[in-house]
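Line by line, the protein sequences give chains A and B. Each position in the first sequence, counted from 1, maps to that position plus 236 in my numbering. Each position in the second sequence, counted from 1, maps to that position plus 236 in my numbering. Glycine included, each C-beta is placed from N, C-alpha and C at the ideal position. All figures in this text were calculated on a predicted structure; none of them were measured in a lab. I have placed the structure first, in the form of structure tokens, so that the comments after it can refer back to it.
2 protein chains.
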Amino acid sequence: MTETKARRRAGRPRVFDTDAALDKAVRLFWQRGYEATSMADLVAETGVAAASLYAAFDNKAGLFAAVIERYAATFSVHLYAPINDPALSTYEAVKSLLERAASSFSEPGTPAGCFMYSAAAAVSPASAAIECLLRDKRIAAEALLIERLQRGAAQGELAANTDPAVLGKFINTVMEGMSVQARDGATINELLSIAKMALDRWPAAI
Amino acid sequence: MTETKARRRAGRPRVFDTDAALDKAVRLFWQRGYEATSMADLVAETGVAAASLYAAFDNKAGLFAAVIERYAATFSVHLYAPINDPALSTYEAVKSLLERAASSFSEPGTPAGCFMYSAAAAVSPASAAIECLLRDKRIAAEALLIERLQRGAAQGELAANTDPAVLGKFINTVMEGMSVQARDGATINELLSIAKMALDRWPAAI
DNA sequence: TTGATTATTGAATGATCGTTCTGTATCGGT
DNA sequence: ACCGATACAGAACGATCATTCAATAATCAA
């Protein structure tokens, strides 16, 4: 007979909720960025003692890495869902992606813009590894989008002279710009009209 | 008889070159951002003692404000020159703007991307005023672009159903995204193809 | 030459940074 | 009941942060 439940680890059980603490940390890093968020800020916001955060995440960089994964699991997943939805045409998928970006980036309950774009836009040389973590995520997301466009091209959904890599980079660029716009106070309607303009002249197959 | 030259100030003259020091500081803030650049970094890079920097710029925020103006005078001016060039059509002006952004953001001799977009993307609440300084610059630049488009629309250079404000926001959004792309390693050719795709959406008059 | 003014140098300031230590509490296994 | 293991709380660590002080140097106006 096999154990269905995971065996509890020995020792005193953790009292704080890891995901709840990460959710708080996500907001903080999202709003202020990596360098401007101090461990003291994180302790105050999460209510978890510094030593406990270190025991769970090693150090500030480790906590940030966990925060990245938490953001990806709770926000990025929904944003990019249309890309993986087989029911949508290529155009519909991109349109839905941009519209989700517009509403997500201006969502009142969360910091403006996209965590992946603004949380470590510029860092000290000592934190270069942090910048790379986010850069890799951005590049991976772009690659995912380009792959979707390539599938669409293979299905004959794009004009023959369209390069999916360029189109994907363009769409991604607009999304990154929309994040800056949102940070500067753009409303959801302004972001939607920007998205709409990016979708104009979509290189559909003839 | 009027004094043609500005009267020298009393006291010991400044020995360090303010603009040369600002140029060094521009690079540092451009690369690392406001929070991740320390006064010790600035002292090491400029070769100017801390007390002298404080005497000249009051504090770190004051130095950053001077750095913003220096960047605007030495980089932004060239980037936005096509917008004010009366010899160019509206389309030519925007095309030239985006092409200058592509080459400027990927220029090997300077940090990648645009200082105005990445130097204070996310800051601590204590530095909120710093974020506002750059935001105001971004919004002013966007307003300048929109005004140019409105003049073009008045000249009948744009399709009748085009909203210059939306078109300007779109162009600006693409530029902001191009800065992120450049930071992530995009080449000048990749940026140019992104710019080209944005221009494909151009709503010329029929 | 003298006094007012401003800049420079180098050390020192208190505050905050990320991180760790010390001691105690709570679990599973025996 | 006891042991090894893990987590807790709070104080403490050296390093670095932005900033300023004290003393000296160089200029102008008189």
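Any idea what DSSP makes of residue i, helix, strand or coil?
i        : result
B:Leu394 : strand
A:Ala440 : strand
B:Ser360 : coil
A:Pro322 : coil
B:Ala317 : helix
B:Ala365 : helix
A:Gly388 : helix
B:Glu271 : coil
A:Arg248 : coil
B:Ala348 : coil
B:Ala379 : helix
B:Thr238 : Confidence at B:Thr238 is low in this model, with a pLDDT of 30, below 50, so the placement of that residue is unreliable and no value is reported for it.
What first and last residue would you give for the alpha helix (DSSP H) that runs through residue i?
i        : result
A:Pro400 : Pro400 to Arg419
B:Tyr327 : Thr326 to Phe341
A:Glu426 : Ile424 to Leu435
B:Thr254 : Thr254 to Arg268
Determine the burial state of residue i: buried for a count of at least 16 other Cβ atoms within 10 Å of its Cβ, exposed for fewer.
i        : result
B:Gln391 : exposed
A:Val313 : exposed
B:Ala261 : buried
B:Ile407 : buried
A:Ser429 : buried
A:Val410 : buried
A:Met414 : buried
B:Thr282 : buried
A:Cys350 : buried
A:Thr423 : exposed
A:Ser325 : exposed
A:Arg248 : exposed
B:Asp236 : This structure cannot speak to residue 236 of chain B, because chain B is shown only from 237 to 442.
A:Leu370 : buried
B:Ile442 : exposed
B:Gly188 : Residue coverage of chain B in this structure runs from 237 to 442, which leaves residue 188 of chain B outside it and unanswerable.
B:Ala242 : Annotation note: pLDDT 47 at B:Ala242 (below 50); position unreliable, no value reported.
A:Phe265 : buried
B:Glu239 : Per-residue confidence for B:Glu239 stands at a pLDDT of 33, beneath the threshold of 50, marking its modelled position as unreliable; the derived number appears in the next sentence. When all chains shown are included, B:Glu239 counts as exposed.
A:Leu340 : What sits at residue 340 of chain A in the sequence shown is Ser, not Leu. Buried, by the Cβ-count rule.
B:Glu343 : exposed
B:Ser274 : exposed
B:Ala434 : buried
B:Met237 : Because B:Met237 carries a pLDDT of 33, less than 50, the predicted location of this residue cannot be relied on, and the following value inherits that uncertainty. Exposed, by the Cβ-count rule.
B:Val251 : exposed
A:Pro318 : buried
B:Ala291 : exposed
A:Ala338 : buried
B:Pro322 : exposed
B:Pro347 : buried
A:Ala356 : buried
A:Ala309 : exposed
To the nearest whole angstrom, what separates the beta carbons of residue i and residue j, a pair I think is in contact under 8 Å?
i        : j        : result
A:Ala302 : A:Phe293 : 6 Å
A:Arg306 : A:Asp259 : 7 Å
A:Phe300 : A:Ile366 : 6 Å
A:Tyr327 : A:Ala440 : 7 Å
A:Arg245 : B:Asp436 : A:Arg245 to B:Asp436, Cβ: 57 Å. No contact.
B:Pro400 : B:Gln417 : Not really, about 25 Å apart at Cβ, beyond 8 Å.
B:Gly269 : A:Ala358 : 3 Å
A:Glu426 : B:Lys405 : 6 Å
B:Leu394 : B:Tyr316 : Not confirmed; about 20 Å, so no contact.
A:Ala272 : B:Glu271 : 4 Å
Going residue by residue through the region 273 to 315 of chain B, where are the continuous alpha helix (DSSP H) segments of at least 4 residues, counting only ones entirely within it? Fully enclosed alpha helix (DSSP H) runs of 4 or longer: 275 to 282, 286 to 293 and 296 to 307.
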